[in-house]
Every structure is written in C-alpha cells, then in structure tokens.
Amino acid sequence: MIETFPAARYTETVLAVNFADAQKHFLDALMELHFAHGVMLAEQGMLSKDEAREIFRGLRRIDRAALASAGYDGSVEDFFFHVERELTRNCDPHAAAKLHTARSRNDIDITLYRMRIREELLHVHMAIAEAARVLLDLAARHLHTVMPAHTHTQPAQPTTLAHYLCAAIECFARDLPRLEAAYKTVNLNPLGACAITTTGFPINRDRTSVLLGFEGLQVNSYGAIAAVDYIAESASAVMTSLLTLGKLVQDLLTWSTVEYGFLRLSDGYVQCSSIMPQKRNPVALEHTRILASRGLGEAQGLFTAMHNTPFGDIVDSEDDLQPLIFLMFEDARRAWSLIGPALHGATFNAARLLERAGQHFLTVTELADTLVRKEGIAFHDAHKLVSLAVNADRNDFSHERIADCVIGNAASVLGRALETPRAKLLEALDPLYFVVIRKIPGGPAPEAVQAQLDTLNAALDRANAWRANKHEGLGTCRTALQAAVKGLS
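Put into structure tokens, the structure is as follows:
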C-alpha cells in the first residue's frame, strides 16, 4: 500500500518530535513574531486597520497554555500550521490568511532560531560572569596564600592561589567578549528573506527588526536562509569557555583528594557513600566536569551535523538540529551555574599549600637567579651549580643542605668561592621571597596580582553592563511592539 504524506513512520520519527521541540522552544517567540509582522503589514498598507485589529484580537484569544500542552495528532504538518489554524479559529479566516503575506516558514524559522539563541547567549554570559565574580572574590582573599605551581603535572615553582585563579579568570573574561561577538552576529533580522529571494511586496524589514529587538538586518536573503555561521560562532564561544572550565575543574578535583589536601568543599556540595561513612565525595565538581564535557561534545556535534551540507534551505540546520543547540546551552549554563556556588563556601588549606611550595626544590630557580644577580655570572653557570646541589640528594630538599652544597661546589664550577652570604642564599630559597620578588606585570607578587584583579573586575563590570543593556533593549522593543499593536487595535 502506498501511503500518503505524512507516512506513519515519518510522523512518528520526525513530525511529532519536531512539533514537541517547537512547543518547548519557540512558542513565545512565534507569537511575538506574528504580532510584529502584523504591525509591519498594517503600517505598510498591506493590511487594513480592521484586518490588523481582527488578527491581533485572534492572536490574543489563542490559549497559549493549550498550545504548549497540545499533542501532535497529524492533522497539520507542524507547530507553525497548528498555531495558524488556532488563529483562524479565533478570528476572521480571511484576515488570518493575510498574515502570511510576504513571508515563508523559512524566514520565520530562522528568525525564531536567532531570537532564541540570543536569549541563550545572554544566559550563559550571565552564568560565566557570576562564576568569575566568585573566583575574583576568592582571589582577593588569597593574595598572600603561597602554593606550588605545576608544569607537566610536576611541582615547578611557588606562586599564590590568587595568581593561579587570575589565570583562569582571565580566560573567562575573554569568554565574555566572545559570547558578545556571537550575540552581535546572531542578533540580525532574517525576516523578509521569505523562501530565499525576498518578495515583491513593499515590506519594511527595518521595522520588524526594531519591533523584535534585532540590531540590524541579515541583509542577503539567500544568506539569511542558508548561512549557519551564526550557530557555529555561538557554539564555538560556548565550547571555548567549557574547555577552560574543564581544565580548572580537573585541577580542583585533584586538589580535593586526601593525598593533596588543598581544597575542601562545603558540606552542601559533597556526597557521602551509601556504604563508606567516611566519604566526602566532591560530586559538585564532578558534575561540573561532565556537564562541561557534555556541552563541549554537543557543540562539536553541531559542527559535525552542519559540515558538508548544501548552502541553502535544508533540514540539517533546522528542526532536527535546533534541540541540540539548546541542549548545549543548557548543559553549559548548568556547568557554569554550579562551579561558582560550589567554590563560594570552599576552604583552602593555606598551611598545606605553603608547606608544599617549600618542598621538592620549587624555589631553586630563584636561587640561580640570585647567583646571577649577586655573583655576576651567566645563568647557565648558575643553573649548573644549583643542579649539582639538587641532584646530590633528591630526597633531601632542605634549604640548608642546598645552600651548603652550592657554596661547596662553587670553586669547581666557577673557579672561585662565592661572595654571596649564606643567609642570602637561604632567603632566595624561601617560597615567600620567591613570590614577592616577582612583581613585574603578570607576576604572583601581591601588588602585581592586585593590578590583575583590578583589571579583571573592570572587565567584569563592563560585561555586566553590556548584558544589562541587551536585556533592557529587548524589553524596550517588546514594549514598543505592544504599543504598536495597541495603536492598531
């Protein structure tokens, strides 16, 4: 038997699923779009005032709760036609039919996508900014908390917890402008592109841009329908932020182990075992890590789905893809929303951090530097002299032994005794001294880190002001739309 469209299996696997997705993600945006398009048509003389009034009355009478809960019954192809049918039922059918003048599901869909994606970008932007604020506050409290820095996962040099945190915050501060740039790309109006080549009707695309909160036109109508770079740019910005977040959380989980003992989460963010009463599992950090990994993977999935597809109207970048976009945003937002509160009440073992910073020869770089400054020798000679002290006994990293070994080997390496007092050598091996002498821009000395904090706080204030401005702009446009509808009603 030859089935007519839609076939049962097609309905089950495609239409019903896409209908539910549209209900979840696009209902409010679609209704807003209908009002804006109706206003524009009336202002351009393509709807009479009576027709516009009738359409707006019908739109208001539609039961949105019923739309949101309706099941897919196959009587219409998709959610757009379902809403269109409800409009027809609630007002004069002839007027309702005119609302579709000079538009297509193509430009309607892309407009809805952009309206929703811009909202999600603002949500993630806020979540990152809130997490960055927690980290900034932590850093400000730990300007003098000396800790070991690692390279290649091995102890390297002393730094401070504030210096370490600022390194991560700098990345997050760069994530915010990346999201803002993506927002600028996304927030362009494709409405009026129609199927792909615009229309012969005298529509006003700038007017719908204003009413829907867009900041300009996606000018070329073919590109408005075919281009997917606005999705890719958004996914790239989200993916980059999650990459850094995952690296930070990996360190924090290591620090939470008993073997390290650097970090202790508050009780609200750890979980006990069902069998082992002693366990304090740092599950908040684990959930942050997997959510970040999920979001990153979903972003990669978007690129995979869109790659090597035709440059035109095609479902690969439409109904079936959009839920993955929103899942990416949701997981990213969850990850970013969790890390801040999890660290807000966390405590760092400052004594343990300082102890580790003084072990494993972490300060011998400064000892070599001190020999260069005080003895006037080449760094390679200083490096050799200090290396002899380190390798003489790698299990004994006491400062006294190292200083004495350097003094004892000076004649064989330099051909003369050292002029630098032993006390100066011991000072150079002090982790606190190591930190405070590194005061150039970007260094771990408290004054250098404070300058970084001041810059990062200013960057965060700017980002928060940007986001508030965008929220205000969208609210202003909705108010303007309501006023325009009222003026025609």
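The sequence shown begins at 1 in our numbering and counts up one residue at a time. Note that beta-carbon positions come from the ideal geometry of N, C-alpha and C, so glycine has one too. These numbers were taken from a predicted model, which means no experiment stands behind them.
Ranges of the alpha helix (DSSP H) found wholly within the stretch 322 to 371, counting only runs of at least 4: 322 to 344 and 350 to 357
Every unbroken alpha helix (DSSP H) inside the stretch 235 to 312 [4 residues or more]: 283 to 306
Start and end residues, beta strand (DSSP E) containing Thr151: For this step, residue 151 is matched to residue 151 along the sequence shown. Its beta strand (DSSP E) spans residues Val146 to Thr151.
Span of the alpha helix (DSSP H), counted from its first residue to its last, around Ala564: A query on residue 564 cannot be resolved here, the shown segment of the chain reaching from 1 to 489 and no further.
Those residues which DSSP pairs with Leu217 across a bridge: On the sequence shown, position 217 is the one that residue 217 refers to. Its beta-bridge partners are Asn189.
Beta-carbon spacing of Arg205, Leu188 below 8 Å: In the sequence shown, the residue the question calls residue 205 occupies position 205. In the sequence shown, the residue the question calls residue 188 occupies position 188. It is not a contact, given that the beta carbons lie outside the stated cut-off.
Best match in Leu138, Val228, Cys272 and Leu122 for proximity to Ala332 [C-alpha to C-alpha]: If you number the sequence shown from 1, residue 332 lands on position 332. Ranking Leu138, Val228, Cys272 and Leu122 by Cα distance to Ala332 puts Leu122 first.
Neighbourhood of Ala389 by C-beta distance below 6 Å, restricted to the same chain and skipping five residues each side: The residue labelled residue 389 in the question sits at position 389 within the sequence shown. Here the set comprises Ile402, Cys405 and Val406.
Integer-rounded CB distance, given that Val146 should sit under 8 Å from Leu353: As a first step, residue 353 is located in the sequence shown; it is residue number 353 there, counting from the start. As a first step, residue 146 is located in the sequence shown; it is residue number 146 there, counting from the start. So it is a contact: roughly 6 Å between Cβ atoms.
Arg85, buried or exposed, once every other Cβ within 10 Å from all chains shown has been counted against 16: Along the sequence shown, one-based indexing puts residue 85 at 85. Exposed: under 16 other Cβ atoms inside 10 Å.
Beta-carbon contacts of Ala417 that lie in its chain and below 7 Å, excluding the five residues immediately before and after: Locating residue 417 in the sequence shown gives position 417, counting from the first residue. So the list reads Ala410 and Ala411, once near-sequence residues are dropped.
Secondary structure of Ala378, DSSP reduced to three states: Here residue 378 refers to the residue found at position 378 when the sequence shown is read from its first residue. It is coil, neither helix nor strand.
Same chain, Cβ closer than 7 Å to Arg178, neighbours up to 5 away in sequence not counted: Reading the sequence shown from its first residue, position 178 is the one you call residue 178. Cβ within range, chain order: Ala237 and Thr240.
Segment limits, alpha helix (DSSP H) that includes Ala463: Looking up residue 463 in the sequence shown gives position 463. Residues Pro446 to Leu488.
Residue burial classification, Asp454 (beta-carbon count within 10 angstroms, cutoff 16): Along the sequence shown, one-based indexing puts residue 454 at 454. With fewer than 16 Cβ atoms within 10 Å of its Cβ, Asp454 is classed as exposed.
Endpoints, the alpha helix (DSSP H) within which Pro93 is located: Residue 93 sits at position 93 when you count from the first residue of the sequence shown. Here the alpha helix (DSSP H) through Pro93 covers Pro93 to Lys98.
Contiguous beta strand (DSSP E) assignments of at least 3 residues, all confined to the stretch 385 to 426: none
Gln154 - partner residues in DSSP beta bridges: Within the sequence shown, numbered from 1, the residue matching residue 154 stands at position 154. According to DSSP, which records beta bridges pairwise, Gln154 is partnered with Thr151.
Beta-carbon spacing of Asp78, Leu15 below 8 Å: The count along the sequence shown starts at 1 and reaches residue 78 at position 78. The count along the sequence shown starts at 1 and reaches residue 15 at position 15. Closer than 8 Å, so yes.
For Thr197: DSSP bridge partner residues: Taking the first residue of the sequence shown as 1, we reach residue 197 at position 197. Partner(s): none; Thr197 has no beta bridge.
Cβ pair Phe172, Thr244 closer than 8 Å: Residue mapping note: residue 172 aligns to position 172 of the sequence shown, counting from 1. Residue mapping note: residue 244 aligns to position 244 of the sequence shown, counting from 1. Yes; because the gap between Cβ atoms is below 8 Å, this pair is in contact.
Exposure label - Ser48; buried when at least 16 CB within 10 Å: For the purposes of this step, residue 48 is identified with residue 48 of the sequence shown, where counting begins at 1. Result: exposed.
Whole-Å CB distance - Ala162 paired with Leu143, under 8 Å assumed: As a first step, residue 162 is located in the sequence shown; it is residue number 162 there, counting from the start. As a first step, residue 143 is located in the sequence shown; it is residue number 143 there, counting from the start. Yes, Ala162 and Leu143 are in contact; Cβ-Cβ is about 5 Å, under 8 Å.
Exposure of Asn469, with buried meaning 16 or more beta-carbon neighbours within 10 Å: Here residue 469 refers to the residue found at position 469 of the sequence shown. By the neighbour-count rule (16 or more Cβ atoms within 10 Å), Asn469 is not buried but exposed.
Backbone secondary structure at Thr160 - three-state DSSP: To locate residue 160, count along the sequence shown from 1; it is residue 160. DSSP places Thr160 in strand when its eight states are reduced to three.
Collapsed DSSP secondary structure at Gly443 in the structure displayed: Position 443 of the sequence shown holds residue 443. Coil, per DSSP.
DSSP-derived helix/strand/coil call for Ile110: Taking the first residue of the sequence shown as 1, we reach residue 110 at position 110. Here Ile110 sits in helix by DSSP.
Residues near Asp21 in its chain [Cβ-Cβ closer than 6 Å; skip 5 each side]: Here residue 21 corresponds to residue number 21 of the sequence shown, with the count starting at 1. Same-chain partners within the cutoff: Pro323.
Integer-rounded CB distance, given that Val413 should sit under 8 Å from Lys374: As a working mapping, residue 374 is identified with position 374 in the sequence shown. As a working mapping, residue 413 is identified with position 413 in the sequence shown. Rounded, the Cβ-Cβ distance is 15 Å, inconsistent with contact.
DSSP three-state assignment for Pro431, whether helix, strand or coil: Start at 1 with the first residue of the sequence shown, and residue 431 comes out as number 431. Helix at Pro431.
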